[in-house]
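Those protein sequence lines, which keep their order, are chains A and B.
Here this note's numbering is used: the first residue of the first sequence is 7, the next is one more, and so on.
Here this note's numbering is used: the first residue of the second sequence is 86, the next is one more, and so on.
See below for the structure under consideration.
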Amino acid sequence: MTTHAPAPPGAPVPAPDRTHSPVPRPRRTAARAASVFLSTHPRTRLALLLGAPLFWLGVVYIVALVLLLVTAFWTVDSFTGEISQEWTLDNIITVLTGSLYQTVTLRTLGVALLVTLIDVVLALPIAFFMAKVATPRMQRILVIAVLTPLWASYLVKAYAWRSVLSQDGILEWLVAPFGGSTPGYGLPATIITLSYLWLPYVILPIYAGLERVPDSLLEASADLGGRTWPTIRLVVFPLVLPAIIAGTIFSFSLSLGDYITVNIVGGANQMLGNLVYTNVGAANNLPLASAIALIPIVIIFGYLFLVRRTGALDNL
Amino acid sequence: MRLSRLSRTTLGIVTGLILVIVYVPLFVVLVNSFSTSTSLTWPPPGFTLEWWGRAFQSAGAMEAVWTSVQIAVIATIISLVLGTLISLALQRFSFFGRDAISLLIILPIALPGIITGIALNNFFRTIMGVPLSIWTVVIAHATFCIVTVFNNVIARLRRQGTNLEEASADLGAGVWTTFRLITFPQLRSALLAGGLLAFALSFDEIIVTTFTAGSGVTTLPIFILNNMFRPNQAPIVSVIAVVLVVVSIIPIYIAQRLSGSEQQRR
Numbered sequence: 007m008t009t010h011a012p013a014p015p016g017a018p019v020p021a022p023d024r025t026h027s028p029v030p031r032p033r034r035t036a037a038r039a040a041s042v043f044l045s046t047h048p049r050t051r052l053a054l055l056l057g058a059p060l061f062w063l064g065v066v067y068i069v070a071l072v073l074l075l076v077t078a079f080w081t082v083d084s085f086t087g088e089i090s091q092e093w094t095l096d097n098i099i100t101v102l103t104g105s106l107y108q109t110v111t112l113r114t115l116g117v118a119l120l121v122t123l124i125d126v127v128l129a130l131p132i133a134f135f136m137a138k139v140a141t142p143r144m145q146r147i148l149v150i151a152v153l154t155p156l157w158a159s160y161l162v163k164a165y166a167w168r169s170v171l172s173q174d175g176i177l178e179w180l181v182a183p184f185g186g187s188t189p190g191y192g193l194p195a196t197i198i199t200l201s202y203l204w205l206p207y208v209i210l211p212i213y214a215g216l217e218r219v220p221d222s223l224l225e226a227s228a229d230l231g232g233r234t235w236p237t238i239r240l241v242v243f244p245l246v247l248p249a250i251i252a253g254t255i256f257s258f259s260l261s262l263g264d265y266i267t268v269n270i271v272g273g274a275n276q277m278l279g280n281l282v283y284t285n286v287g288a289a290n291n292l293p294l295a296s297a298i299a300l301i302p303i304v305i306i307f308g309y310l311f312l313v314r315r316t317g318a319l320d321n322l
Numbered sequence: 086m087r088l089s090r091l092s093r094t095t096l097g098i099v100t101g102l103i104l105v106i107v108y109v110p111l112f113v114v115l116v117n118s119f120s121t122s123t124s125l126t127w128p129p130p131g132f133t134l135e136w137w138g139r140a141f142q143s144a145g146a147m148e149a150v151w152t153s154v155q156i157a158v159i160a161t162i163i164s165l166v167l168g169t170l171i172s173l174a175l176q177r178f179s180f181f182g183r184d185a186i187s188l189l190i191i192l193p194i195a196l197p198g199i200i201t202g203i204a205l206n207n208f209f210r211t212i213m214g215v216p217l218s219i220w221t222v223v224i225a226h227a228t229f230c231i232v233t234v235f236n237n238v239i240a241r242l243r244r245q246g247t248n249l250e251e252a253s254a255d256l257g258a259g260v261w262t263t264f265r266l267i268t269f270p271q272l273r274s275a276l277l278a279g280g281l282l283a284f285a286l287s288f289d290e291i292i293v294t295t296f297t298a299g300s301g302v303t304t305l306p307i308f309i310l311n312n313m314f315r316p317n318q319a320p321i322v323s324v325i326a327v328v329l330v331v332v333s334i335i336p337i338y339i340a341q342r343l344s345g346s347e348q349q350r351r
């Protein structure tokens, strides 16, 4: 462990009247020597700091991701179920041309986009109210109110919507007198539940972004004659855009890979995650599963690449 | 910008409405945990405490809680150490590849859980030949928990600056003394907040967990998922759900207190 002060090396100032100084010279111990060495060698400090985390992320994560790519080009022996490391494009071709995969990809993409849109539309007013309208006391209560469901288990929330949307559930009970009925389990239920699940993840970055917008800017805009709407559009929105995009990364990416919510409330519908899951488990075809998994990877990286320049990644 | 009274009220009402929608499903689960119906019927035909008693006697549920706690604690400790190291490196040094590293840290949560899950599953099983166990889950969880610690610690480091550490060095403290007496105390509440988040993230994770857990490893989310569709177990799942939400209020309260005291200091 090291300190991180970029202090000039050779710290103790050589005082001319050292004999009168009440401060004793530090004893030379191994720890002291190591400390002096580290404070004069910033690159060594950096290497020591970065070593362990980079080893972990590099070996565990990056290598695993790269090997996932590689596995997509292997194949499974249909007799033994063992993976044979023969290079083939079969899996990729299957995934790109199979009508099942095309349908499911489009469906998943549609669900993810809709969920993201719904979340942003819901998050903007609530984040704005929290950051700019509410009193400090109210603000704290609201932050807790938004955070609490975030800490509630993912499964609990999906299960809660299963209860709400069930044929005998509270929604049916509420809307039946007005001639409505619950959408039941299916794609609409999946979209509702996913929007619900990721809403706090979208609210929080937008709220944090709005908090960072200084009130003085809003006052300046008002003083210059800017009315509410132009101020929001020309002052607030450009400043908060990176935070909004940061929020969309969460909802988009989390929806794209989800397969459990769709199992719980989605009826018989499948998303990309379900196809991956079946091929890892029941079908025991990891190479095909890897090839399917490449679809969301490509989409997410495309999205990250698009938004890279907005500075959204610093807002995560 | 001066918001009119009307737009303030409208915003307030919209906020209130959204919060109602956020809490109704949780409320339904609470009521269902006392319902005599096992099929999520609303309104409940009658009320009973049977499920609460059964849930606390359920050996499977208790074991699952214990497994989840163990995994979350170890994963949190690992992510605290790694997250602190990497945030010190990225905040206090500028070097080639720094942006790449900060992207690398957020990647495990920016990519869908299923990608992380299948990549690690493939890595452990086909490449390394390691059987899935509780440790493979810990490794997976620690990987995506690093980012929460990193976010909290680097924000604190950015705000704190290096003045105090420089003063400490000028007064003759070595690197280790400075870390122990200056840097660490300043980071303590950020570490607590980051650690709490990491713990919660790990405790709740289901997707990566299903791909990396050995056959004997049942975390609480796995237990919930396995029992959710069984008619006789569903009310017990409701009970566990309610307990989880109530218990989760404690870390939120602590985290709020921490950030609150900070705002006053500012």
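For glycine and all other residues, C-beta sits at the position ideal for the given N, C-alpha and C.
Fair warning: this is a prediction, and the values are worked out from it, not measured in the lab.
Item, Value
"Sequence-distant residues of its chain with Cβ nearer than 6 Å to ALA225/B (five each side left out)", "LEU205, VAL293, THR297"
"Close Cβ partners of ALA17/A (< 8 Å) along its chain, the five nearest in sequence each way excluded", "The pLDDT assigned to ALA17/A is 49, lower than 50, so where the model puts this residue is not dependable, and the model offers no usable value."
"Complete alpha helix (DSSP H) runs within the stretch 251-287 of chain B (minimum length 4 residues, chain order)", "260-263"
"Chain A contact for ILE334/B (CB, 9 Å cutoff)", "yes"
"Amino acids of chain B, ordered along the chain, whose beta-carbon sits closer than 8 Å to that of ARG38/A", "GLY259"
"Short-range partners of chain A found in the stretch 117-128 of chain B, where Cβ spacing is below 9 Å", "ASN117, SER122, SER124, LEU125, THR126, TRP127, PRO128"
"Exposure of ASP264/A, with buried meaning 16 or more beta-carbon neighbours within 10 Å", "buried"
"Option nearest GLY279/B by Cα separation, candidates LEU249/B, VAL302/B, ILE339/B, PRO216/B", "ILE339/B"
"Candidates ARG315/A, VAL121/A, LEU223/A, LEU75/A, of which the one nearest LYS138/A by Cα", "LEU223/A"
"Alpha helix (DSSP H) segment containing TYR207/A, residue limits", "193-218"
"LEU119/A versus TYR309/A, PRO142/A, PHE134/A, residue with shortest Cα-Cα distance", "TYR309/A"
"Which listed residue (VAL260/B, SER89/B, GLY101/B) has its alpha carbon closest to that of ALA151/A", "GLY101/B"
"Partner residues on chain B for ALA288/A, Cβ-Cβ distance less than 9 Å", "The premise fails here: ALA288/A is roughly 13 Å from chain B at the closest Cβ pair, so nothing lies under 9 Å."
"Spatial distance of ALA157/B from LEU54/A (CA atoms)", "26 Å"
"Neighbour-count burial assignment, VAL105/B, 16 or more Cβ in a 10 Å radius", "exposed"
"Any chain B beta carbon closer than 9 Å to SER296/A", "yes"
"GLN245/B versus SER122/B, LEU165/B, ALA275/B, residue with shortest Cα-Cα distance", "ALA275/B"
"Paired residues, beta bridge with VAL82/A - DSSP", "ILE89/A"
"Chain A residues whose Cβ lies nearer than 8 Å to that of PRO306/B", "SER159, TYR160, LEU161"
"Chain A contact for ILE219/B (CB, 9 Å cutoff)", "no"
"Residue span of the alpha helix (DSSP H) that contains GLY279/A, given as start and end", "278-286"
"Assigned exposure category for ASN317/B - 16 Cβ within 10 Å defines buried", "exposed"
"For PHE132/B, three-class secondary structure by DSSP", "strand"
"Nearest to THR211/B (by Cα), restricted to the options VAL170/A, ASP174/A, ALA70/A, VAL242/A", "ALA70/A"
"Chain A contact for GLY168/B (CB, 9 Å cutoff)", "yes"
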